[in-house]
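Protein chains in written order, with this note's numbering: chain A, 475 to 656; chain B, 265 to 493; chain C, 210 to 785.
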């Protein structure tokens, strides 16, 4: 595996990092990544208006169940995707960190809406200016609130990220992000 | 009391025996849900569910999505860096740095025009505030980022490239021709004949904008508004 | 030198002055006329004044609406730095009154608590303590309400920087004294403390209920809020009048437009600007659709908490259909920012009436389906009937308004008692119930939705097919774009409005409308700058939520969850 100072290998989901000997491992990794990305169980950390749009995504009109999120799990122990929907205030921040810590690995975080991503237009004395002060974020979704399609687009982006094998604290994230078309 | 309706007796206080037995109520409830099920199954084309991304909801012409900076016919940005959108924005997400445009008639242009998409609340106040028809919004909402730096959109991501069609079409705009809202005359600036160093005047719909710089020629007459003051 | 006689007071103010003169109050007090009759009193006489205002049969101001703190640091001509401004309402005589109490000591502002006279004042006083630093001797539980427990300073004071945050971890969270006791014996069994929330599926946003349980029964409860305190009032002070409108959308975010209408009405009254008939009707129609949306969420989420999941999906379909209409009008589904001071942002689309008619046909079908599934359902009856009972006297004492008050038997609806935007021209009824339990509130909300449809139908009948939606006063409303592009004068007006904001003359105003949860009031103070000097929201669910901890005592945890659903607490409005 890569050690300190060693450049990280290019990761291509079709080919393994080595040669034919990695055939089984790579296929397994790919299958696991496919399974994980298509059965994300969200924990909707819904605080404000984005929570209402998340409820729209979960309702009949958009139906997040089509993407594998049949159940929204309100126990962090049973969820793998933390969707922070809505403004996180300084009072709520320790609670968010607690919920994130209680989730088992692998876990991903979507920051839904501009309030969760950066504080939005609340440059104020009680609002956390972005949840990345507290938890590592995989996907930021702009919008106030994002339309349900926008959230689904972000979940699809996260699915791609998972299938390439990135996890939220993986160091390859920055490289992956740099390779995305801007 | 007139104008007041008592709903307490709308539903009888004690349920009837049949209702308490509950099985008939279950059957009535299931009749409702099964009716919905059958209607969905027989009208598969009219399902209420929008199968994104294969289907997309047809948002209106006023949808407030990603912004777009409009250009004149010669490809330059219409924006003159007047800072009105930056001032109007409640989220303070627009950053403009003005610069002097080589063409005197255009005077200023934005050297930097950044919108932080992760601060923008998509309220449309910038579109309302612009006096030069320079910023519109489109129906494109497909934005998601992996880090916060790539969420700051500069001119290259916001400009409407001439000749290219706008992704998903225009949305919220300052006026809607033919819609009965604000029937405008032709609001876009006419073509400017290029000529380095020569004073050019912008000509819109027959009205001359006076050139007030010193030493200007006979077209320096004060306008109607200035005469009134 | 003769002193000019004071101008004659209006009838209401004169009656108040006469009643308060016999016997006279301690300290200095006066009654003046403003947009509302205003009583100016000393802190020392406030409890006595409150008692007389409530108990005197000629005055009978029994509903405590609001207590707002004001910091006059940047208004040089004011008589004291701090003021407390209270608004009260008399249900029997349908009158509002304002009481202004100037706090003389700027270094230690304090006024006696009136919690024993008006129980509704409890949380309002805590909020004033939290955000201004007013002390309320006699208050049973004077702790911070909205800001977190490691917060230093008082945020709405003018010398507090808007962006100054404080670091907070869960170690600094305050647990109430009674919750820290363990091993308390009640009968044979120990009681235990359960902390329900703030991240909980059934707490609708973020409410924290600390409950002491004896088995399943709650014997004592305290609600902690402030988990969504987004500093609306401070943000309002930092923006122009029109720029506050997106912030108002996010107050009661399930019925966004109604908050905007309430806010701009306050500003329009201060300016003396009239909105044309077409604009008022659009506001009415969209406000009623928004009210329907709010009730759909309330009932849907309430039923989900009980376990009836299907209704959520049916009621959300109503919301989606109304979203299509609103998105066609202004471009956004939820946070609309559609109103402006003086009218609306843009006119409605040409197919507006047809779209509304389509909705009038489709919404009742979903409502009927939900009624068939729910109203005579034995499980729903067992859960909702007889739980969360609020009697009429309790509802008034706790300052409740809206469906909570109407389900307890008081037919108070601002659209009837102080009509605005054409409500007096329509024929509609106020639903009331007498039981005051959760089921009564469900019935009241279902009927309110049907009454809203009735109002919309009548509004569409008189909807003019052409006309302006906004005032043509260019000092207030942005001129149309073709004028801005071509006409110098319009450009100047446009420039001044965008850069400096609307110049509202100095003064104050309290205007109130019927939000989906009750009386939504905005108290605005202007000092001539382009934005509000002080903007206080009277959130309808604030006193409702304050009463929650008293309603749930004696019931089970499951009943508490059902009650919380019918309270319709929207954290954006509760915490601002």
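Each residue gets a CB set at the ideal place from its N, CA and C atoms; glycine is no exception.
For chain A, is any of its Cβ atoms less than 8 Å away from the one on residue i?
i: residue 382/B; result: yes
i: residue 378/C; result: yes
i: residue 342/B; result: no
i: residue 313/B; result: yes
i: residue 640/C; result: no
i: residue 422/B; result: no
i: residue 376/B; result: no
i: residue 444/C; result: yes
i: residue 511/B; result: An answer regarding residue 511/B cannot be provided, because it is not within the stretch 265 to 493 covered by chain B.
Would you give the residue range spanned by the beta strand (DSSP E) that residue i belongs to?
i: residue 736/C; result: Residue 736/C -> no beta strand (DSSP E), and no H or E assigned at all.
i: residue 518/A; result: 516 to 520
i: residue 332/B; result: 331 to 333
i: residue 598/C; result: That residue, residue 598/C, is in no beta strand (DSSP E); it is neither H nor E in DSSP.
i: residue 255/C; result: Looking at the DSSP string, residue 255/C is not in any beta strand (DSSP E); the run it does join, the alpha helix (DSSP H), is 255 to 264.
i: residue 418/C; result: 417 to 423
Which residues in chain B have a C-beta closer than 8 Å to the C-beta of residue i? List them in chain order.
i: residue 554/C; result: 388, 392
i: residue 513/A; result: The premise fails here: residue 513/A is roughly 18 Å from chain B at the closest Cβ pair, so nothing lies under 8 Å.
i: residue 653/C; result: 271
Which chain A residues are close to residue i, counting only those with a beta carbon under 7 Å from its beta carbon?
i: residue 415/C; result: 521, 566
i: residue 320/B; result: 623
Can you confirm whether residue i, when its beta carbon is compared against all beta carbons of chain C, has any partner nearer than 8 Å?
i: residue 269/B; result: yes
i: residue 435/B; result: yes
i: residue 540/A; result: no
i: residue 607/A; result: no
i: residue 427/B; result: no
i: residue 552/A; result: no
Where does the unbroken alpha helix (DSSP H) through residue i begin, and where does it stop?
i: residue 293/B; result: 287 to 306
i: residue 450/C; result: Premise fails: residue 450/C is in no alpha helix (DSSP H) and is neither H nor E.
i: residue 387/C; result: 386 to 389
Put residue i into one of helix, strand or coil per three-state DSSP.
i: residue 308/C; result: strand
i: residue 794/C; result: With chain C covering 210 to 785 only, the question about residue 794/C has no answer from this structure.
i: residue 372/B; result: strand
i: residue 499/C; result: helix
i: residue 469/C; result: helix
i: residue 429/C; result: strand
i: residue 638/C; result: coil
i: residue 508/A; result: helix
i: residue 609/C; result: coil
i: residue 282/B; result: helix
i: residue 632/C; result: helix
i: residue 219/C; result: coil
i: residue 412/B; result: coil
i: residue 348/B; result: helix
i: residue 247/C; result: strand
Does the CB of residue i have a neighbour CB from chain B at under 8 Å?
i: residue 526/C; result: yes
i: residue 596/C; result: no
i: residue 497/A; result: For residue 497/A, the predicted model reports a pLDDT of 49, less than 50, meaning its position is unreliable and no value from the coordinates is stated.
i: residue 617/A; result: yes
i: residue 370/C; result: no
i: residue 647/C; result: no
i: residue 537/C; result: yes
i: residue 631/A; result: yes
Using the beta-carbon of each residue, which ones in chain A are nearer than 8 Å to residue i?
i: residue 440/C; result: 596, 598, 599, 600, 601
i: residue 296/B; result: Chain A residues near residue 296/B: none, gap ~15 Å exceeds 8 Å.
At 9 Å on the CB atoms, spell out the chain C contacts of residue i, in chain order.
i: residue 530/A; result: 525, 528, 529, 532, 542, 543
i: residue 352/B; result: 449, 451, 452, 707, 708
Any C-beta of chain F sitting closer than 8 Å to the C-beta of residue i?
i: residue 375/C; result: The question asks about chain F, but that chain is absent: this structure's protein chains are A, B and C.
Check the Cβ of residue i against every Cβ in chain B and list those closer than 7 Å, keeping chain order.
i: residue 687/C; result: 392
i: residue 560/A; result: By Cβ distance, chain B contributes nothing, its closest Cβ being about 13 Å from residue 560/A, past 7 Å.
Applying a beta-carbon distance threshold of less than 8 Å, which residues of chain C neighbour residue i?
i: residue 527/A; result: 542, 543
> What are the start and end residues of each continuous alpha helix (DSSP H) run of 4 or more residues lying completely inside the stretch 664 to 747 of chain C, in chain order?
Replying inline: Complete alpha helix (DSSP H) runs here, min 4: 690 to 695, 697 to 709.
>> Extract the residue ranges of the alpha helix (DSSP H) inside the stretch 538 to 592 of chain A, only unbroken runs of 4 or more that lie entirely within it.
In response: Unbroken alpha helix (DSSP H) runs of no fewer than 4 residues, entirely contained in the stretch 538 to 592 of chain A, are found at 567 to 576, 588 to 592, following chain order.
> Where are the beta strand (DSSP E) runs, 3 residues long or more, that stay fully inside the stretch 268 to 356 of chain C, in chain order?
Replying inline: Counting only unbroken stretches of 3 or more residues, the beta strand (DSSP E) elements lying wholly within the stretch 268 to 356 of chain C are 272 to 280, 291 to 299, 304 to 312, in sequence order.
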